[in-house]
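These protein sequences, in sequence, are chains A and B. Heads up, the first sequence is in the working numbering, so the first residue is 16 and it goes up one at a time. Heads up, the second sequence is in the working numbering, so the first residue is 16 and it goes up one at a time. Please read the structure below before turning to the comments.
Protein chains: 2
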Amino acid sequence: MAAPRAPAFRRVAVLGVGLIGGSFAATLRARGLAGAVVGFTPGDDARIARDLGHLDGVAASVAQAVAGADLVVLATPVPAMPAVLVEARAAIADDALITDCASTKQSVIAAARAALGPAFARFVPGHPIAGSERHGPDAARADLFDGCVAVVCRLADTDPAAFDRVHALWAAMGARPTELDPARHDAVFAEVSHWPHAVAFALCGAIAGGPNADDALRFAGAGLRDTTRIGASSPDLWADILLDNRAAVLDCARAFQAELAEVLTAIEQGDRAALRVRLEAASRWRASLGPARRR
Amino acid sequence: MAAPRAPAFRRVAVLGVGLIGGSFAATLRARGLAGAVVGFTPGDDARIARDLGHLDGVAASVAQAVAGADLVVLATPVPAMPAVLVEARAAIADDALITDCASTKQSVIAAARAALGPAFARFVPGHPIAGSERHGPDAARADLFDGCVAVVCRLADTDPAAFDRVHALWAAMGARPTELDPARHDAVFAEVSHWPHAVAFALCGAIAGGPNADDALRFAGAGLRDTTRIGASSPDLWADILLDNRAAVLDCARAFQAELAEVLTAIEQGDRAALRVRLEAASRWRASLGPARRR
Numbered sequence: 016m017a018a019p020r021a022p023a024f025r026r027v028a029v030l031g032v033g034l035i036g037g038s039f040a041a042t043l044r045a046r047g048l049a050g051a052v053v054g055f056t057p058g059d060d061a062r063i064a065r066d067l068g069h070l071d072g073v074a075a076s077v078a079q080a081v082a083g084a085d086l087v088v089l090a091t092p093v094p095a096m097p098a099v100l101v102e103a104r105a106a107i108a109d110d111a112l113i114t115d116c117a118s119t120k121q122s123v124i125a126a127a128r129a130a131l132g133p134a135f136a137r138f139v140p141g142h143p144i145a146g147s148e149r150h151g152p153d154a155a156r157a158d159l160f161d162g163c164v165a166v167v168c169r170l171a172d173t174d175p176a177a178f179d180r181v182h183a184l185w186a187a188m189g190a191r192p193t194e195l196d197p198a199r200h201d202a203v204f205a206e207v208s209h210w211p212h213a214v215a216f217a218l219c220g221a222i223a224g225g226p227n228a229d230d231a232l233r234f235a236g237a238g239l240r241d242t243t244r245i246g247a248s249s250p251d252l253w254a255d256i257l258l259d260n261r262a263a264v265l266d267c268a269r270a271f272q273a274e275l276a277e278v279l280t281a282i283e284q285g286d287r288a289a290l291r292v293r294l295e296a297a298s299r300w301r302a303s304l305g306p307a308r309r310r
Numbered sequence: 016m017a018a019p020r021a022p023a024f025r026r027v028a029v030l031g032v033g034l035i036g037g038s039f040a041a042t043l044r045a046r047g048l049a050g051a052v053v054g055f056t057p058g059d060d061a062r063i064a065r066d067l068g069h070l071d072g073v074a075a076s077v078a079q080a081v082a083g084a085d086l087v088v089l090a091t092p093v094p095a096m097p098a099v100l101v102e103a104r105a106a107i108a109d110d111a112l113i114t115d116c117a118s119t120k121q122s123v124i125a126a127a128r129a130a131l132g133p134a135f136a137r138f139v140p141g142h143p144i145a146g147s148e149r150h151g152p153d154a155a156r157a158d159l160f161d162g163c164v165a166v167v168c169r170l171a172d173t174d175p176a177a178f179d180r181v182h183a184l185w186a187a188m189g190a191r192p193t194e195l196d197p198a199r200h201d202a203v204f205a206e207v208s209h210w211p212h213a214v215a216f217a218l219c220g221a222i223a224g225g226p227n228a229d230d231a232l233r234f235a236g237a238g239l240r241d242t243t244r245i246g247a248s249s250p251d252l253w254a255d256i257l258l259d260n261r262a263a264v265l266d267c268a269r270a271f272q273a274e275l276a277e278v279l280t281a282i283e284q285g286d287r288a289a290l291r292v293r294l295e296a297a298s299r300w301r302a303s304l305g306p307a308r309r310r
C-alpha cells in the first residue's frame, strides 16, 4: 500500500497542553507540519508551552482555539473530553480532522459520537505510546514520539481519507502508526500499562505505609527503582485512567491476583518445584520482551 | 573514624563465580588487591570466568581453592552455602578472613556458625547491592560494584579486625560499605528487592498465561519494560531467595495485598477520592526515591 503524502495543516488546535499535547505541538512545529499551532488549557499550561516555544499562540477558549483549525487535537485528561468536545463542536470547521491522544479509547469514542454529530466521521481516535512518570508542558519534547507506536482506530463510520491523513501524520511526526480496534486497545493497554501502574502504585504505597519506608529509600537498588518508576506518575491522571478503563483493569487484576496466589502458596508451603514453574514461565515471557527500556 | 588501610590479600578463593563472584574476582584483579584469585564452581562457570580474565586460576574443589587463601569469598546460591562451608572448613587457614555475598543474611550466618567452629569469628557477612536480571560469569564486570552499597554485618562474636578489613575491602573495591544488622537486612531487602521480584514475576506470569500475551509483546512501552525488568531474573536464584527469606517476604506480601485491596475497592466502587488518596501517597514516596535507575 502506497503511503499517503505527509499532511501539512494550516492551523492546528491543541486542546490540553501537558506532556502529550505539548509534545504534539512541539513536534508539529519542529517538523514544519503546520502553519500555526494554537493551544488552549483552562490553567497556565498553554502559556508555559508557548513560552517554551511549543506553541505559536494561546487561545482564550476551546472555541477560539478550534475556529479556523483544519486539525483539532484532543490531549486533555480523559474526564475532560466530553465537555471539551461539546464546546468544540460548534466551532469546528467543515473540513477539520479531529483526533485525540487519550490512554483509553472506548469512552472517548462514545463521548465524541455523542458530541460531534456529522463531524464524527472525521474523528480518528489515536494513542501515542509515549507516556512517562513525568507530566506537564515542562516535560514536553519535540522528539517524544520518535520511534514510538501510535495507535490509530478506524471505526465503521470513519471517513477513510480522514483515517489516512491521521495515520500519515503520525508517520510524519516520527512515530510508527499502528491500527487497532478500540475494545482490543483498551484490553491490551489495561494489560501493558494501566494495570502495571496500579501494581507499581500499590508496591510504593505498601512500602510508604510500612515500617521500612525510610530504610527502603536508603537501600533501594536499581531493581526497586525500575519496578516502581511509574509509581511516581500523576495521581490525578492515573485515577482517571484506572476508573475510565475499569472493566479491563479489573480483568487484569483478577488474573494477577490468581498468579500471585500461586506464587505465595508455593512460598508458604516451601514448594520449590511449584515456585520455580511459575517463575520460569514469567521469566521466559519477560526475556522475550527484550531489553529493559527503549531510549 | 579513620578508614582502615585498604587491604591486599595474598590469595583469594572465590567460591561460586557467577555475576557477583565473577565481578568480585574481576574487581580484585583490576584494582590490584590480591596476589592471586582462584575460583571454584561445580560446573563450567569458573573456567569461563578464567577465560574472560576474571580469575588467575581454577581449583578442582572447594578445599583446593581455599587451601592457602587469606580471604575466602562465598558467592554461591544461598542453598549451596551450608555444604560449601562444611567442605571449606578443614582447609581454611588460621588467619583467613571469610565473607559472603548472599542476598539473605540470617540463614547464611546460621550455616556459617554451624560449620566454621572458631573460624566463625573471622566470618564477616556481606551483601553488595549490585544484582541484575543478568547472571552468570559472562555478565561479570570489574566495575559492577562502583558506587553501590555493600552491606556488612557485625555479630556479637565477630573479630573487630576482621570486620574492619572486610569493610575496608569493599571501599577499596569502589563500593560504599554500610553496616546493618542481619535481621534488619533481611526485612529491608525483602521490601526493596525480594518482594518486588515476586511482584514482577507475577505480573509477567499473569500476562504470559493470559489472552493478551502476544499483543503485550507488541504494544509494551517503557512502563511495562521497566516495571517487569527484574521478572527476567533467574528462576532458580529467585526461588531460592524467596524461600530462604520466606517470613520477611510474606510480611511484605500481606502489606502489599492490603494496599492493593484498597486500590481495587476504590476502582470497583468508582470512588475517585479514595483512589486518589492511595495513588498520591504512593507517588509522593516514589518521588522521594529519586530517578529511575542509577547508571
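Beta carbons: idealized from backbone N, C-alpha and C, even for Gly.
So, do the region 200-213 of chain A and the region 150-162 of chain A have three or more beta carbon pairs nearer to each other than 8 Å? The region 200-213 of chain A makes no contact with the region 150-162 of chain A, as fewer than three CB pairs between them are under 8 Å.
Can you tell me where the beta strand (DSSP E) with residue 89(A) in it begins and where it stops? Mapped onto the first sequence, residue 89(A) falls at position 74. Annotation for residue 89(A): the continuous beta strand (DSSP E) segment containing it runs 86-89.
Residue 156(A) (DSSP reduced to helix, strand or coil): Residue 156(A) sits at position 141 when you count from the first residue of the first sequence. Three-state DSSP puts residue 156(A) in coil, outside helix and strand.
Assigned secondary structure, residue 115(B) (DSSP; H/G/I helix, E/B strand, else coil): By 1-based counting over the second sequence, the position of residue 115(B) is 100. In the structure shown, residue 115(B) sits in a strand (DSSP, three-state: E or B).
In chain order, what residues of the same chain have a beta carbon less than 8 Å from the beta carbon of residue 51(B), not counting five sequence neighbours either side? Here residue 51(B) is taken as the residue at index 36 of the second sequence, counted from 1. Answer for residue 51(B): 25, 26, 27, 71 and 72, listed in chain order.
Write down every uninterrupted run of the beta strand (DSSP E) in the region 155-233 of chain A whose length is 3 residues or greater and which is fully enclosed by it, in chain order. Taken in chain order, the whole beta strand (DSSP E) runs of length 3 or more contained in the region 155-233 of chain A are 164-167 and 191-194.
Write down the C-beta distance between residue 250(B) and residue 283(A) rounded to the nearest angstrom, noting that I regard them as a contact closer than 8 Å. The residue given as residue 250(B) occupies position 235 in the second sequence. The residue given as residue 283(A) occupies position 268 in the first sequence. Not really, about 18 Å apart at Cβ, beyond 8 Å.
Going along chain A in order, which residues have a C-beta closer than 7 Å to the C-beta of residue 231(B)? If you number the second sequence from 1, residue 231(B) lands on position 216. Result: 203, 206 and 207.
Under the three-state reduction of DSSP, which class applies to residue 141(A): helix, strand or coil? For the purposes of this step, residue 141(A) is identified with residue 126 of the first sequence, where counting begins at 1. The three-state reading of DSSP puts residue 141(A) in strand, counting E and B together.
Which residues in chain A have a C-beta closer than 9 Å to the C-beta of residue 234(B)? List them in chain order. Taking the second sequence and counting its residues from 1, one reaches residue 234(B) at position 219. Residues of chain A with a Cβ closer than 9 Å to the Cβ of residue 234(B) are, in chain order, 144, 164, 166, 193, 195, 200, 203, 204, 206, 207 and 208.
Using C-beta distances below 8 Å, list every residue in its chain close to residue 149(A), excluding the 5 sequence neighbours before and after it, in chain order. The residue you call residue 149(A) lines up with position 134 of the first sequence. The answer, listed in chain order, is 34.
So, helix, strand or coil for residue 27(A), using DSSP? Here residue 27(A) refers to the residue found at position 12 of the first sequence. Under the three-state reduction of DSSP output, residue 27(A) falls in the strand class.
Does the distance from the C-beta atom of residue 253(B) to that of residue 200(B) stay below 8 Å? By 1-based counting over the second sequence, the position of residue 253(B) is 238. By 1-based counting over the second sequence, the position of residue 200(B) is 185. No, Cβ-Cβ distance for residue 253(B) and residue 200(B) is not below 8 Å.
Tell me, please, whether the CB atom of residue 140(A) is closer than 8 Å to any CB atom in chain B? As a first step, residue 140(A) is located in the first sequence; it is residue number 125 there, counting from the start. With 8 Å as the cut-off, residue 140(A) does not count as an interface residue toward chain B.
Since residue 214(B) meets chain A, which of its residues come closer than 8 Å, beta carbon to beta carbon? As a working note, residue 214(B) is residue 199 in the second sequence. From the beta-carbon of residue 214(B), the residues of chain A found nearer than 8 Å are 214, 218, 242 and 275.
So for residue 292(B), helix, strand or coil by DSSP? Taking the second sequence and counting its residues from 1, the one referred to as residue 292(B) is at position 277. The three-state secondary structure of residue 292(B), taken from DSSP, is helix.
Considering just the uninterrupted stretch of the alpha helix (DSSP H) at residue 238(B), what are its terminal residues? In the second sequence, residue 238(B) corresponds to position 223, counting from 1. It spans 237-243 - the alpha helix (DSSP H) in which residue 238(B) sits, taken as one unbroken run.
In this structure, does DSSP put residue 123(A) in helix, strand or coil? Here residue 123(A) refers to the residue found at position 108 when the first sequence is read from its first residue. Residue 123(A): helix per DSSP, three-state reduction.
Check whether the Cβ atoms of residue 184(A) and residue 124(A) sit closer than 8 Å, and answer yes or no. For the purposes of this step, residue 184(A) is taken as the residue at position 169 of the first sequence. For the purposes of this step, residue 124(A) is taken as the residue at position 109 of the first sequence. Residue 184(A) is not a Cβ neighbour of residue 124(A), given a cutoff of 8 Å.
As a quick exercise: from 175(B), 178(B) and 194(B), pick the residue whose alpha carbon is nearest that of residue 165(B). Counting from 1 along the second sequence, the entry for residue 165(B) is found at position 150. Among 175(B), 178(B) and 194(B), the Cα nearest to that of residue 165(B) is on 194(B).
Against chain B, does residue 228(A) count as a neighbour if the rule is that its beta carbon must be under 8 Å from one of theirs? The residue labelled residue 228(A) in the question sits at position 213 within the first sequence. Look at residue 228(A): its C-beta is under 8 Å from a C-beta on chain B.
Applying a beta-carbon distance threshold of less than 7 Å, which residues of chain E neighbour residue 93(B)? In the structure shown, chain E cannot be found, because the protein chains are A and B.
Using the C-alpha atoms, what's the distance from residue 224(B) back to residue 272(A)? By 1-based counting over the first sequence, the position of residue 272(A) is 257. By 1-based counting over the second sequence, the position of residue 224(B) is 209. Take the alpha-carbon of residue 272(A) and the one of residue 224(B): they are about 13 Å apart.
Using beta-carbon positions only, say whether residue 79(A) and residue 198(A) come within less than 8 Å of one another. Here residue 79(A) refers to the residue found at position 64 when the first sequence is read from its first residue. Here residue 198(A) refers to the residue found at position 183 when the first sequence is read from its first residue. Between residue 79(A) and residue 198(A), the gap from beta carbon to beta carbon reaches 8 Å or more.
I believe residue 39(A) touches residue 29(A) by the beta-carbon criterion, under 8 Å. Please report the beta-carbon distance rounded to the nearest angstrom. To locate residue 39(A), count along the first sequence from 1; it is residue 24. To locate residue 29(A), count along the first sequence from 1; it is residue 14. Their Cβ separation, rounded to whole angstroms, is 6 Å, which keeps residue 39(A) and residue 29(A) in contact under 8 Å.
Please confirm whether residue 77(B) has its beta-carbon closer than 8 Å to some beta-carbon of chain A. In the second sequence, residue 77(B) corresponds to position 62, counting from 1. Nearest CB-CB separation between residue 77(B) and chain A: not below the 8 Å threshold.
Contacting positions in the region 166-187 of chain A - beta carbon closer than 7 Å to chain B: Taking 7 Å as the Cβ-Cβ cut-off against chain B, none of the residues of the region 166-187 of chain A qualify.
Using 8 Å as the limit for Cβ to Cβ distance, is residue 70(B) near chain A? On the second sequence, position 55 is the one that residue 70(B) refers to. Not closer than 8 Å to any Cβ of chain A, the Cβ of residue 70(B) fails to qualify, so no.
Have a look at residue 94(B) and residue 291(A) and give me their C-alpha separation to the nearest angstrom. If you number the second sequence from 1, residue 94(B) lands on position 79. If you number the first sequence from 1, residue 291(A) lands on position 276. Straight through space, the alpha carbons of residue 291(A) and residue 94(B) are spaced by roughly 14 Å.
Using a Cβ cut-off of 8 Å (strictly closer), state whether residue 283(A) contacts chain B. Locating residue 283(A) in the first sequence gives position 268, counting from the first residue. It does; some Cβ of chain B falls within 8 Å.
Chain B residues whose Cβ lies nearer than 8 Å to that of residue 251(A): Residue numbering aside, residue 251(A) sits at position 236 when the first sequence is read from its first letter. In chain order: 291.
Let me know if residue 118(B) comes out buried or exposed under the rule of 16 or more other beta-carbons within 10 Å of its beta-carbon. In the second sequence, the residue the question calls residue 118(B) occupies position 103. Residue 118(B) comes out buried.
Give the residues of chain B in contact with residue 211(A), contact being defined as C-beta atoms less than 8 Å apart. For the purposes of this step, residue 211(A) is taken as residue 196 along the first sequence, with counting starting at 1. Within 8 Å Cβ-Cβ: 218, 238, 239, 242 and 243.
Would you tell me roughly how many angstroms separate the C-alpha atoms of residue 302(B) and residue 216(A), rounded to the nearest one? Here residue 302(B) is taken as the residue at index 287 of the second sequence, counted from 1. Here residue 216(A) is taken as the residue at index 201 of the first sequence, counted from 1. Here the C-alpha atom of residue 302(B) lies approximately 11 Å from the C-alpha atom of residue 216(A).
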